[in-house]
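Report on the following structure.
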Amino acid sequence: MKNPDVIIIGGGAAGLFCAFTAAQRGQSVVVLDSSNKVGKKILMSGGGRCNFTNLDITPENYLCNNPHFCISALNRYNQWQFIELVESHGIAYHERKHGELFCDESAKDILTMLLDECQRAGVVIKTKCEIKSVKAVDKAGEENQRYGLQTSAGQYQCRSLVIATGGLSIPTMGASGFGYEIAEQFGLSLLPRTAGLVPFTFSDGIKQISETLSGLAVDVDMSANGISFRENMLFTHRGISGPAALQLSSYWKPGQAIGVNLLPDNNAAELLLGYKKTSAKSLLRNLLSQHLSKGLVLALQTLHWPKYAETAMAEIPDAQLLAVAQQLADWQLKPSGTEGYRTAEVTLCGVDTDQLSSKTMECKTQPGLYFVGEVVDVTGHLGGYNFQWAWASGYAAGQYV
Numbered sequence: 001m002k003n004p005d006v007i008i009i010g011g012g013a014a015g016l017f018c019a020f021t022a023a024q025r026g027q028s029v030v031v032l033d034s035s036n037k038v039g040k041k042i043l044m045s046g047g048g049r050c051n052f053t054n055l056d057i058t059p060e061n062y063l064c065n066n067p068h069f070c071i072s073a074l075n076r077y078n079q080w081q082f083i084e085l086v087e088s089h090g091i092a093y094h095e096r097k098h099g100e101l102f103c104d105e106s107a108k109d110i111l112t113m114l115l116d117e118c119q120r121a122g123v124v125i126k127t128k129c130e131i132k133s134v135k136a137v138d139k140a141g142e143e144n145q146r147y148g149l150q151t152s153a154g155q156y157q158c159r160s161l162v163i164a165t166g167g168l169s170i171p172t173m174g175a176s177g178f179g180y181e182i183a184e185q186f187g188l189s190l191l192p193r194t195a196g197l198v199p200f201t202f203s204d205g206i207k208q209i210s211e212t213l214s215g216l217a218v219d220v221d222m223s224a225n226g227i228s229f230r231e232n233m234l235f236t237h238r239g240i241s242g243p244a245a246l247q248l249s250s251y252w253k254p255g256q257a258i259g260v261n262l263l264p265d266n267n268a269a270e271l272l273l274g275y276k277k278t279s280a281k282s283l284l285r286n287l288l289s290q291h292l293s294k295g296l297v298l299a300l301q302t303l304h305w306p307k308y309a310e311t312a313m314a315e316i317p318d319a320q321l322l323a324v325a326q327q328l329a330d331w332q333l334k335p336s337g338t339e340g341y342r343t344a345e346v347t348l349c350g351v352d353t354d355q356l357s358s359k360t361m362e363c364k365t366q367p368g369l370y371f372v373g374e375v376v377d378v379t380g381h382l383g384g385y386n387f388q389w390a391w392a393s394g395y396a397a398g399q400y401v
């Protein structure tokens with residue numbers, strides 16, 4: 001198998017799915033991966049349960065500089081087809097909020113399913129294989145184009161080469177910029193990469209508050225750049241995380257503030273002014289503790305109404321209550337940055353989709369060279385969307401390689 005029809009570099013979700021899709025069409029397929037085992041990010045995903053897709057997949061769930069690019073692949077291999085595959089392997093799963101689907105038992109079930117499909121289709125998987133160089137062997141034309149690979153396991157040659165190396169997120173799982181290097185080598189342009197679905201960090205007083213409240217989750221509406229997410233926000237030793245923060249991080253730009261509505265089910269101004277009438281003798285912190293944790297309320301008190309900490313509601317001026325309400329409804333936080341690729345779930349941007357066929361994932365200017373999965377400038381929201389892009393883009397390429 002040193003000269004297969006198809007070589008796929010990268011044994012993650014997109015690479016493995018592409019591999020057995022192509023092999024089922026009768027193509028000889030070899031997957032080369034530099035790690036000691038394939039599918040590491042699959043195994044760690046979803047807290048070890050793998051949020052493998054979502055019941056509600058739409059193009060609006062994806063970030064891309066060409067928002068129409070992902071539509072074709074997502075339509076041709078949708079979430080229902082993947083769910084059918086999961087069920088055919090007898091994998092038990094359950095739905096959580098927002099249509100997220102998780103394995104009942106373990107993410108290993110999804111990886112085992114992919115590997116079983118690969119084995120059944122005759123895919124050869126080679127691990128601990130470092131790619132030293134890639135070159136186009138013959139430029140005589142599309143029919144004769146081949147690719148030569150020099151690897152730590154010897155030389156390979158193929159007709160179709162698929163780059164499924166992922167992005168830069170979580171380098172401890174083997175992430176690298178190799179896919180981007182290949183793209184640049186063959187003249188494809190790259191969009192500036194940044195960490196996405198990643199916790200925010202702080203260097204001001206919010207950092208100390210976050211450390212004190214570490215582990216506390218709060219239901220909030222978090223916004224920036226006209227985008228908002230209603231989800232949990234989690235305080236950590238380094239800043240804030242949780243689904244709301246992770247989602248918003250993909251839209252946030254360095255230097256910007258984020259707005260946090262701590263009372264998304266209430267009109268904060270009406271609530272506080274109402275309490276002034278109905279609970280005139282009460283302290284503001286005691287009333288807010290009916291809605292928020294006592295620890296968070298004490299931190300907010302220190303920030304926003306320290307002079308009135310021991311003042312009964314009836315004695316607090318309306319203007320002061322309205323100012324506190326504004327802070328509760330739109331708490332402005334300015335992150336110093338994010339935790340970066342170390343903990344990011346995805347890499348934003350990547351290979352410019354204008355240079356790829358949305359139908360096949362093949363380079364328009366380089367016949368036989370394909371890019372799938374996270375290395376491409378398509379990034380999903382949190383909730384199974386990035387896995388669905390991996391399955392759909394892998395399938396798209398697998399149908400044509």
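So in the UniProt record's numbering, spot 152 of the sequence shown is number 152, and the numbers just go up one at a time.
We treat Cβ as the ideally placed atom computed from N, Cα and C, and that holds for glycine.
Alpha carbon of residue i to alpha carbon of residue j, nearest angstrom
i: Leu246; j: Leu85; result: 29 Å
i: Glu310; j: Ile316; result: 10 Å
i: Leu190; j: Leu369; result: 16 Å
i: Ser133; j: Leu161; result: 13 Å
i: residue 408; j: Val260; result: It is not possible to answer for residue 408, since the shown part of the chain is limited to 1 through 401.
i: Ile42; j: Ala269; result: 45 Å
i: Gln79; j: Glu60; result: 15 Å
i: His98; j: Val297; result: 29 Å
i: Asn267; j: Trp305; result: 19 Å
i: Thr365; j: Gly373; result: 19 Å
i: Gly148; j: Lys128; result: 19 Å
i: Thr343; j: Arg238; result: 12 Å
i: Thr212; j: Tyr308; result: 22 Å
i: Ala153; j: Ile227; result: 48 Å
i: Leu197; j: Gly242; result: 10 Å
i: Asp354; j: Asp330; result: 38 Å
i: Ala314; j: Gln320; result: 12 Å
i: Ala13; j: Phe387; result: 7 Å
i: Ala136; j: Pro367; result: 10 Å
i: Pro199; j: Gly174; result: 20 Å
i: Arg25; j: Glu95; result: 33 Å
i: Ala244; j: Ala224; result: 11 Å
Residue i vs residue j beta-carbon contact at 9 Å
i: Thr236; j: Ser210; result: yes
i: Tyr156; j: Ile8; result: no
i: Cys118; j: Gly46; result: no
i: Ser28; j: Met1; result: yes
i: Arg159; j: Tyr180; result: no
i: Arg285; j: Lys294; result: yes
i: residue 412; j: Thr53; result: No answer is possible for residue 412: it lies beyond the span of the chain, which begins at 1 and ends at 401.
i: Ser250; j: His68; result: no
i: Leu328; j: Leu283; result: no
i: Ile131; j: Gln145; result: no
i: Gly274; j: Leu101; result: no
i: Ile182; j: Ile163; result: yes
i: Thr112; j: Glu339; result: no
i: Leu303; j: Leu292; result: no
i: Val375; j: Asp5; result: no
i: Leu55; j: Trp389; result: no
Given residue i as reference, the closest of the options once Cα atoms are compared
i: residue 408; options: Ile57, Met44 and Gly12; result: The structure shown has nothing for residue 408, since the chain only spans 1 to 401.
i: Lys37; options: Lys108, Trp389, Phe200 and Val137; result: Lys108
i: Asn66; options: Gln145, Asp377 and Ala299; result: Asp377
i: Tyr341; options: Glu100, Ala195 and Ala175; result: Ala195
i: Trp252; options: Asn51, Leu63 and Lys359; result: Leu63
i: Ala92; options: Leu287, Leu16 and Cys50; result: Cys50
i: Ala397; options: His291, Ala22 and Ser228; result: Ala22
i: Gln399; options: Cys18, Gly10 and Pro4; result: Cys18
i: Ser393; options: Ser152, Ser88, Leu263 and Gly15; result: Gly15
i: Lys126; options: Asn75, Gly11 and Val324; result: Gly11
i: Ser88; options: Asp354, Tyr77, Ile110 and Ser106; result: Ile110
i: Val30; options: Ser289, Val123 and Leu288; result: Val123
i: Leu288; options: Phe371, Glu95, Arg120 and Ala325; result: Ala325
i: Phe178; options: Glu345, Leu32, Thr379 and Val401; result: Leu32
i: Gly215; options: Leu356, Phe229, Ala224 and Met233; result: Met233
Range covered by the beta strand (DSSP E) that runs through residue i
i: Ala136; result: Ile131 to Ala136
i: Ser72; result: Where Ser72 is concerned, there is no enclosing beta strand (DSSP E), although the alpha helix (DSSP H) it sits in stretches over Phe69 to Arg76.
i: Phe235; result: Ile227 to Phe235
i: Cys158; result: Gly154 to Cys158
i: Thr21; result: Note, Thr21: premise wrong, no beta strand (DSSP E); alpha helix (DSSP H) at Ala13 to Ala23.
i: Asp330; result: Element bounds for Asp330: n/a, residue is neither H nor E.
i: Asp265; result: Unbroken run through Asp265: none, as it is neither H nor E.
i: Thr53; result: Asn51 to Asn54
i: Ala195; result: Thr194 to Gly196
Alpha helix (DSSP H) segment containing residue i, residue limits
i: Thr347; result: Where Thr347 is concerned, there is no enclosing alpha helix (DSSP H), although the beta strand (DSSP E) it sits in stretches over Val346 to Leu348.
i: Ala397; result: Tyr385 to Gly398
i: residue 402; result: Because the chain here runs from 1 to 401, residue 402 falls outside it and cannot be looked at.
i: Ala121; result: Lys108 to Ala121
Closer than 9 Å to chain B by CB, residue i
i: Lys359; result: Of the protein chains in the structure, only one exists, and it is not chain B.
Below 8 Å, can you find three or more Cβ-Cβ pairs linking the segment 321-338 to the segment 247-267?
yes
Touching or not, the segment 179-187 and the segment 220-239, by the rule of three or more beta carbon pairs under 8 Å?
no
Is the segment 344-357 touching the segment 162-176 in the sense that three or more CB pairs, one from each, lie closer than 8 Å?
yes
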